[in-house]
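What follows is a short report on a single structure.
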Amino acid sequence: MQSNQSLVGPVMIDAEFGREDTVQSPATAIGRGLGPLDTKTDLRNRLDVVVMDRVKDLASKKAAVIFTKSSCYMCHSITQLFYELGASPAVHELDNEPYGREMERALRSLGCNPSVPAVFIGGKFVGSSKDVISLHVDGSLKQMLMAARAIWF
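Rendered as structure tokens:
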């Protein structure tokens with residue numbers, strides 16, 4: 001193994017070129033330009049960074065974004081509330097995402113507990129179902145959706 005490669009578990013990463021030589025995993029993105037991975041902890045930390053970047057990227061792609069799980073009734077209720085207000089949010093079901101568990105952990109680190117539903121408006125983290133319902137009751141939710149151009153009226 002050359003000095004610019006690192007083996008962590010079953011994954012070998014070529015740090016100079018950001019490619020892995022053995023298995024497909026998020027380590028490909030993690031290894032790009034970041035140097036060799038010395039331990040599994042390094043891999044976990046880089047995975048957390050990559051996943052958090054993915055969550056933030058998805059959260060900023062539309063005016064309203066909701067991270068959910070298909071079996072979560074509160075997720076369904078919050079999504080329906082957005083539709084009733086005239087918004088068409090991007091809905092990401094974490095149980096159908098390739099790295100859904102890691103994304104859940106990232107959402108918890110943002111302060112969303114429980115991890116779903118996690119709501120972003122205008123790219124900013126709003127909170128979970130309790131926060132969204134409170135904003136709806138006091139009339140702020142509709143104003144936030146209008147300011148983010150998720151709804152027009």
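In this text, residue positions in the sequence shown follow the UniProt record's numbering: the first is 1, and each later residue adds one.
Glycine is no exception: its CB is placed at the ideal position from the N, C-alpha and C atoms.
Everything numeric in this text was worked out from a predicted model, so none of it was measured.
{"Item": "Collapsed DSSP secondary structure at Val116 in the structure displayed", "Value": "coil"}
{"Item": "Same chain, Cβ closer than 6 Å to Val137, five either side skipped, listed in chain order", "Value": "none"}
{"Item": "For Arg149 and Val132, the rounded distance between their alpha carbons", "Value": "17 Å"}
{"Item": "Per DSSP, the bridge partner or partners of Val51", "Value": "Paired residue(s): none; Val51 is not in a bridge."}
{"Item": "Status (buried if at least 16 other CB within 10 Å, exposed otherwise) for Asp21", "Value": "Model confidence at Asp21 stands at a pLDDT of 39, short of 50, so the residue's coordinates are unreliable; what they give is reported in the following sentence. Classification for Asp21: exposed."}
{"Item": "Contact set for Lys61: own chain, Cβ-Cβ below 8 Å, skip 5 residues either direction", "Value": "Ala90"}
{"Item": "Cβ neighbour criterion (16 or more within 10 Å) applied to Gly127", "Value": "buried"}
{"Item": "Sheet register partners of Phe67 (DSSP bridge)", "Value": "His92 and Ala118"}
{"Item": "Distance, Phe67 Cα to Arg108 Cα", "Value": "12 Å"}
{"Item": "Residue burial classification, Tyr73 (beta-carbon count within 10 angstroms, cutoff 16)", "Value": "exposed"}
{"Item": "The ligand NAD heavy atom lying under 7 Å from the CB of Lys142", "Value": "With respect to the ligand NAD, the structure offers nothing, as it holds no ligand at all."}
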